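Peer 1: Residue numbers (the working numbering), protein chains in the order written: chain S, -9 to 271; chain B, -9 to 271; chain E, 69 to 292; chain W, 69 to 292; chain R, -6 to 316.
Below are the structure tokens for one structure; questions will follow.
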Amino acid sequence: MERVMITEVEKTFPNKEKNQSFTVFKDLSLTVEPGEFVSLLGPSGCGKSTLLNIVAGLDQSTSGKVKVGDTTIKEPGSDRGVVFQEAALMPWLTVLENVMFAINKKMKKEEAKEHATKYLKLVHLSKFLHSYPHELSGGMKQRVAIARALSMDPKVLLMDEPFGALDEQTRMMLHKEVQYIWEETKKTILFVTHNIRESILLSDRIVLMGTRPGGIRKIYTVDLPRPRVPASPEFIQLEQDIMAILGGEIEKVMKEEMGDDFNSQKASLLYGTDRNMGNHI
Amino acid sequence: MERVMITEVEKTFPNKEKNQSFTVFKDLSLTVEPGEFVSLLGPSGCGKSTLLNIVAGLDQSTSGKVKVGDTTIKEPGSDRGVVFQEAALMPWLTVLENVMFAINKKMKKEEAKEHATKYLKLVHLSKFLHSYPHELSGGMKQRVAIARALSMDPKVLLMDEPFGALDEQTRMMLHKEVQYIWEETKKTILFVTHNIRESILLSDRIVLMGTRPGGIRKIYTVDLPRPRVPASPEFIQLEQDIMAILGGEIEKVMKEEMGDDFNSQKASLLYGTDRNMGNHI
Amino acid sequence: MFPSPSGSVQQLYIGLFETGILATALAESLQRIVIGFTLAVLIGGFLGVLLGVSKIADETLGSLVIALQSVPSIVWLPIALVVFQGGAGAIYFVVILGGTWAMTLNVRMGIKNVQPILLRAAKTMGYKNTELIWKVMLPASIPSALTGARLAWAFGWRALMAAELIGRGGLGRTLMDARDFFNMDLVVAIMIIISCIGLIVEYFLFSKIEKKVLSRWGLTNSGS
Amino acid sequence: MFPSPSGSVQQLYIGLFETGILATALAESLQRIVIGFTLAVLIGGFLGVLLGVSKIADETLGSLVIALQSVPSIVWLPIALVVFQGGAGAIYFVVILGGTWAMTLNVRMGIKNVQPILLRAAKTMGYKNTELIWKVMLPASIPSALTGARLAWAFGWRALMAAELIGRGGLGRTLMDARDFFNMDLVVAIMIIISCIGLIVEYFLFSKIEKKVLSRWGLTNSGS
Amino acid sequence: GAGEENSGNETTGSSESGGGEVNIGYFPNLDHAAGIIGKEKGYFSDEIDGEVEFLNYPNGNDFIDALDTGVIDLGYVGPGPAINYYLSGGDVVVIGAAANGATLIVSREDSGIHSLEDFPGKSFCTPGNGCTHNVQLEIMLQEKGMKTNRRNGEVEHQSRVNPASMVAMFEQGQIDAAAAPEPWGTLLVEEHNANVVTEWNEVFLGEELASVVLVTTQEFIDENPEQVEQALRAHNRSVEFAQNNEEDTLETVNDLIYGLTQTRLPEHVLEKAWQRMEVTTETHADALQEWANASYELEFMDEDPDLDGFVDTSILDKILEEE
Ligand SMILES: Nc1ncnc2c1ncn2[C@@H]1O[C@H](COP(=O)(O)OP(=O)(O)OP(=O)(O)O)[C@@H](O)[C@H]1O
Ligand SMILES: Nc1ncnc2c1ncn2[C@@H]1O[C@H](COP(=O)(O)OP(=O)(O)OP(=O)(O)O)[C@@H](O)[C@H]1O
Ligand SMILES: [Mg+2]
Ligand SMILES: [Mg+2]
């Protein structure tokens, strides 16, 4: 149980060659309470991964600071487990070894092996313990990465689209599993997703990010009782609200992109916010 | 307009070290009619990417053959455009160069540049023409890969979870764009996805694949008029049917994984096929 | 016997500006190393690609390369003298032999290490054979090739110093003459020259390319 | 004058089984190359990691390495003799100098080429500094290091042949004696020995490791 | 089993006082016969109080390096490297000679060179730059008004051609002439039809110039005077033996060469070559000085050479007197 406090953080990528720098977001503040489950939603490229990496201590913010518990984040540490957007498995280790790699430092070899096997079973990979990453499918790699992060049992869990490449059934199962783990161990979870329903289903709060300029647009508190029912009117209402705001974000981008080409007829063809078109995912 | 004929294809990965080979699927046959839009659905690791790669000519099938039009596939070619599950961008080329890389062989440089820019605009990346892949977010890389495949204008388009890392708005827009391109140019499209709704929304037929042993479980013809309405009863009915079969697949896997641990109580907690739980994505 | 710093600098000055023997020798050696290095990089690059791409070549020609690469320049020299009738070709031959293997092996490994997915992607865009090599394999193996080129440069110099013993001038010859007359200051002066050239080439060629490549590739994480 | 295959084989036989001079020399040289190579790989590996990891080291020590690596063995030899008082250390010193650079530069590039995401992942699991080097950087740069080791082996031999001129036996010495008395058949016989050892080491060491590594990494696409 | 102990001893050089190990350097060549006989017949081990090790070297530089670093204590070497080393401030003393002469000027069969006058526009080679043979030939050419290309002259000179390579270069017609040490000069004449341009005793300083001297360091003399004396006694015996037993000597040398290289020089070549040198202990210090002056005159050296103190035959003279 740790509080994550993000205070007035700015991230700018300098570009020496072209002599122009790119500011992803600035003055971004967000506090994630101990044991809270917070989702980050936003259009592609708005800085969700960047923010997660700053909390992880992997990227340095240009200004501002991030505190986890009482300590200001300067570098990565095993108190914050990360599921990356890419699988990030060591190609020279087998599936089992990859998971053990994360916990080897905490426990003895035999114990680590047992522990790792347990989590790999959870993601249905016990048949592939001794396979190398290049022998796995995209979804299988992602599942290894999930097993690895969960097995570490960190206080703060940072997950960057962890279920993106999974089929709906596996995803459903892992939703339950993550919720179960979260409730049992009261982890603080920061969760990036593109799936509005997923975010409503899982989180206490949903942070909506925007782009150009980047930053937080709106924060929703999800006040629905768990387990949540996607068919309930409140659920649908929230979904529509979020969809509308995100829709506005993307319309902005599209206008910028298309410039003079921005043909309103084509735009209306390409883009709609009505419920029927919006929830077709 | 080309017909893709997959005839009794088998794919087995030999494993010399462990002296045991792994058969992904065998005796798999499927014909995709000219100009047809076919989706592949199935649990993670069932062989969707493998099948796509065989059609692309990138992997050799262990037995059986694949014909595109009248020619038997022996090697990759620019008649079949591929969007890979990973972005597969050349790290030493800028976004623009990466797209031009695909069409440089077909047209003059100036023309290629114009053409590439057009497609990059389509995926909202005109601000990042001169960025290198490592400077892009996950979704942005995927969009470059999509632009690249579309710009090639191949007869057959093979897409492996092309929209997996995109936010719902961008995804929606690209759905329209792909449908528009497909209707205009009558491409034959083979489309891998984990998203049941996406597959119903886009395809003429949906191929359901299973695992252990791998292969085609069932083929659905989607007889709904376009543009399709996800809220329509037929849509929902089809969605539920597919969900049920896929649910059965994953239950099988879970039983195998858990073995004696397969506790029916936990199973029922982790897994459900009712509409409320099923459509929460 | 022991060289002194001041003596070495003095010898350097005399050799470059008074007697001019270092200047002349340097000019000769530079021409040889530049041509020899260029050829070593080209030949090594070609062989490396061949061994990296073709299993058959790797197992036949590759074995030959491995068998021959340990043979020192001093053994090649007499053979080269016979083959090239004692001409300048002999020197180039030895320099190329000195630098080629390092280039070959590095390019070979660079090619073998290209991410398969990039090759697959390029193949679906209609790239084949030599195009695939030029457009994907070679760009992807630039970091390896760069190491190969660095080593080819260094080992080219070493081989050149040995080859110039055959008495057609050059720094190697001056070096040995200086050694014969126990002019250790001059030996050190020549080492200084070689080192300086090495540093200049490093800073104005290799290092520049490397920085560019690594930052493009997004591999600058390892610094600081 | 010209060496003949039959003559070379005959000299090989005589040298190994009759006079035994090749057998003796081989034993001496083998010991030297094995120790020298091992040390070159260790030192080169260490330096390579240092240069790959630390920008400061790369810009200071790295320049020194670059400056010195072009200096040929024949120049190092007298210096080594003075430093090691003519002892056996001088030979090892020269052999190590011969092999270390190749290893250093290859490991350096291997380290610089490690995919940043792997380092980042390991860091979030609590790996730091030396652990990060041992557990991520070194395994990830094995393909590069392997090329470095191959070159270290080859250039170690070359340097050994030069170093053995100092009159403490070994194949290098026999080689030069044979050359001085124009027994070209024996020269070829020694080349055969060196080549055979090279091939044996290649097949039973480098090639085995490489095959294993490449297949684990999933990099076997380039074959056939 | 000759020459088995030529190498492989891993003892470091030493110059400790009496009874310590003595390391002797030599070359496996005909004009080093004295050393080879002393080694093979055991004279040195007989005479010297302490362990004796022999190390052979392929060229003068490596020999000097070994002497400089104490790997060897004394040994046989050509005067050229020793003089150069002495002039550069090195500690080396000539304590006796082993052979004089042994330089032959030869030309390729159809080179058109039959006398020194034929040299303009032609090329010649020598084993080293400024080596004994090089200076001998160049000073003779200079007397005839010729210079080499080193000084922008009309005769092309290639140095660093080891004697064995001369054979190849003659065969291929790459070179016209050579100032060759024995037995290579004779080999060229006998086996490859080379012309003798100048006989060994007609070349500059011919019979007097040492081709091999016995050297040690002043330091070693000071610390181990007895061992130096004992070594000289052995040397003396060796020279005497060589002078009186030509056949045995040649066979011993050839055996040694075979032991190192598995090849033998033709016997008739060795016999003829033996006639082109004089195995003797007599050291002509003035010839060495004259040679050095010539070397200076030819601009191989930067400073006027002063060989005072380079030759010290006092111990040898004492031994010779005793006998
Ligand atoms: N090189 C290989 N060696 C051994 N097995 C392999 C190899 N490549 C793939 N496989 C196996 O083949 C099976 C199918 O993989 P594939 O990538 O086609 O799955 P997929 O259906 O695309 O899954 P996902 O939805 O997770 O991407 C997997 O079980 C995988 O382990
Ligand atoms: N190294 C870099 N140099 C320059 N710009 C960068 C770099 N890394 C990221 N960016 C930029 O920062 C922005 C945010 O990237 P980030 O990866 O955080 O996006 P994201 O919200 O995770 O998007 P996605 O949903 O597509 O993963 C992008 O516009 C990207 O172009
Ligand atoms: Mg992201
Ligand atoms: Mg897949």
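Where is the CB? At the ideal position from N, CA and C, for every residue including glycine.
In this text, all values refer to a predicted model and were calculated from it rather than measured experimentally.
1) I believe E/Gly112 touches E/Val162 by the beta-carbon criterion, under 8 Å. Please report the beta-carbon distance rounded to the nearest angstrom.
2) Based on the DSSP output, what are the partners of B/Ser53 in its beta bridges?
3) Helix, strand or coil, according to DSSP, for R/Asp24 in the structure here?
4) Starting from the N-terminal end, write out each residue whose C-beta falls within a distance shorter than 5 Å of any non-hydrogen atom of ligand 4.
5) Does DSSP put W/Leu84 in a helix, in a strand, or in coil?
6) Check each residue of the region 186 to 197 of chain E: if its Cβ is closer than 7 Å to any Cβ of chain B, include it; give the result in chain order.
7) Please classify B/Asp17: does DSSP put it in a helix, a strand, or coil?
8) Measure the CB-CB distance between S/Ile136 and S/Val73 and report whether it falls below 7 Å.
9) By the three-class DSSP mapping on this structure, what secondary structure does W/Lys276 have?
10) So which of S/Ser19, S/Leu214, S/Ala234 and S/Ile186 has the shortest CA-CA distance to S/Gly205?
11) Determine which residues of the region 137 to 163 of chain B have a Cβ less than 9 Å from any Cβ of chain S, and write them out in chain order.
12) Starting from R/Asp58, follow the alpha helix (DSSP H) in both directions and report where the run begins and ends.
13) Between E/Gly286 and chain B, is the shortest Cβ-Cβ distance under 7 Å, so that the two count as touching?
14) Could I get the ranges of all uninterrupted beta strand (DSSP E) runs contained in the region 66 to 129 of chain B, with 3 residues as the minimum, in chain order?
15) Residues of chain R with a CB under 7 Å from the CB of W/Pro146: which are they?
16) Quick one: what does DSSP say R/His185 is sitting in, helix, strand or coil?
17) Kindly examine ligand 1 and report whether one of its heavy atoms sits closer than 6 Å to the Cβ of B/Val56.
18) State whether the region 51 to 65 of chain B contacts the region 180 to 194 of chain B, with contact taken as three or more CB pairs (one from each stretch) at a distance under 8 Å.
19) Apart from the five residues on each side of it in sequence, which residues of its chain come closer than 8 Å, Cβ to Cβ, to B/Ser116?
20) Would S/Ala155 and S/Gln132 qualify as a contact pair, given that the criterion is a beta-carbon distance under 7 Å?
21) Identify which residue in R/Met270, R/Pro298 and R/Glu183 has its Cα closest to the Cα of R/Ser204.
22) So B/Gly59 contacts chain E; which residues on that side make the cut at Cβ distance below 8 Å?
23) So, is the C-beta of S/Ser11 closer than 7 Å to a C-beta in chain B?
24) Identify every residue that forms a DSSP beta bridge with R/Glu271.
25) State the CB to CB distance for the pair S/His184 and S/Glu151, rounded to an integer number of angstroms; the pair is presumed to be in contact (CB under 8 Å).
26) How about the region 188 to 203 of chain W and the region 89 to 103 of chain E: do they share at least three Cβ pairs that are nearer than 8 Å?
27) Hey, would you say E/Thr256 sits closer than 7 Å to E/Ser76, going by beta carbons?
28) Please say whether R/Ile76 and R/Glu285 have beta carbons closer to each other than 7 Å?
29) Report all residues from its chain with a CB closer than 6 Å to the CB of E/Ile201; omit the five preceding and five following residues, and keep chain order.
30) Let me see if you follow: with CB-CB separation under 7 Å, is W/Ala246 close to chain R or not?
31) Cβ-heavy atom distance between B/Phe12 and ligand 1 below 6 Å?
32) Just checking: is the beta-carbon of W/Ser292 within a distance shorter than 7 Å of some beta-carbon in chain E?
33) E/Gln153 by DSSP, collapsed to three states: which one?
34) Return the CA-CA distance between B/Gly262 and B/Leu228, expressed in angstroms with no decimal places.
35) Going by other Cβ atoms of all chains shown within 10 Å of its Cβ, with 16 needed for buried, is B/Asp17 buried or exposed?
36) According to the neighbour-count rule (16 or more other Cβ atoms, all chains shown, within 10 Å of its Cβ), is B/Glu120 buried or exposed?
Peer 2: To lay it out plainly:
1) The C-beta distance from E/Gly112 to E/Val162 rounds to 15 Å, too long to meet the 8 Å contact threshold.
2) Beta-bridge pairing links B/Ser53 to B/Glu0.
3) Looking at R/Asp24 - three-state DSSP - the assignment turns out to be helix.
4) Taking each Cβ in turn, the ones that pass are S/Ser127, S/Gly128, B/Ser39 and B/Gln75.
5) Collapsing the DSSP output to three states places W/Leu84 in a helix.
6) For the region 186 to 197 of chain E, the residues whose beta carbon sits under 7 Å from a beta carbon of chain B are, in order, Leu186, Arg188, Ala189, Lys191, Thr192, Met193 and Gly194.
7) The DSSP-derived three-state label of B/Asp17 is strand.
8) In this structure, S/Ile136 lies near S/Val73, with their beta-carbon atoms less than 7 Å apart.
9) The answer is helix: DSSP assigns W/Lys276 an H, G or I state.
10) The alpha carbon of S/Gly205 has as its nearest neighbour, out of S/Ser19, S/Leu214, S/Ala234 and S/Ile186, the alpha carbon of S/Ser19.
11) Listed by position, the residues of the region 137 to 163 of chain B near chain S (Cβ gap below 9 Å) are Asp150, Glu151, Gly154, Ala155, Leu156, Asp157, Glu158, Gln159, Thr160, Arg161, Met162 and Met163.
12) Going by DSSP, R/Asp58 is part of the alpha helix (DSSP H) stretching over Gly53 to Asp61.
13) For E/Gly286, the answer is yes, since a Cβ of chain B falls inside 7 Å of its Cβ.
14) The qualifying runs are 70 to 73.
15) Under the 7 Å cutoff, chain R gives Asp58.
16) DSSP places R/His185 in helix when its eight states are reduced to three.
17) Incorrect: B/Val56 has no Cβ contact closer than 6 Å to ligand 1.
18) The region 180 to 194 of chain B and the region 51 to 65 of chain B do not touch, with fewer than three beta-carbon pairs separated by less than 8 Å.
19) Cβ neighbours of B/Ser116 beyond the five flanking positions: Thr107 and Leu110.
20) Yes; because the gap between Cβ atoms is below 7 Å, this pair is in contact.
21) Proximity to R/Ser204 across R/Met270, R/Pro298 and R/Glu183 peaks at R/Met270, based on C-alpha coordinates.
22) Within chain E, no C-beta atom comes nearer than 8 Å to that of B/Gly59; the closest sits roughly 16 Å away.
23) No, S/Ser11 lies away from the interface with chain B (no Cβ there is under 7 Å from its Cβ).
24) DSSP, once it has assigned bridges, lists R/Asn93 as partnering R/Glu271.
25) With a Cβ gap of about 7 Å, S/His184 and S/Glu151 count as contacting.
26) Contact fails: fewer than three Cβ-Cβ distances are below 8 Å.
27) Here residue 256 of chain E is Val; the residue named in the question, Thr, does not match the sequence. Contact flag set, yes.
28) In the sequence as displayed, the identity of residue 285 of chain R is Ala instead of Glu. Yes, the Cβ-Cβ distance between R/Ala285 and R/Ile76 is below 7 Å.
29) So the qualifying residues of the chain are Val117.
30) It does: the Cβ of W/Ala246 has a partner Cβ on chain R nearer than 7 Å.
31) At least one heavy atom of ligand 1 is nearer than 6 Å to the Cβ of B/Phe12, so yes.
32) Note that W/Ser292 has pLDDT 33, beneath the 50 cutoff, so the model's placement of it is unreliable and the number below is only indicative. W/Ser292 belongs to the set of residues whose beta carbon lies under 7 Å from a beta carbon in chain E.
33) E/Gln153 carries a coil assignment under DSSP once its states are collapsed to helix, strand and coil.
34) The predicted model places B/Gly262 with a pLDDT of 39, which falls under 50 and marks its position as unreliable, so this point remains unresolved.
35) With fewer than 16 other Cβ atoms within 10 Å, it is exposed.
36) It should be noted that the sequence gives His, not Glu, for residue 120 of chain B. B/His120 is exposed by the Cβ-count criterion.
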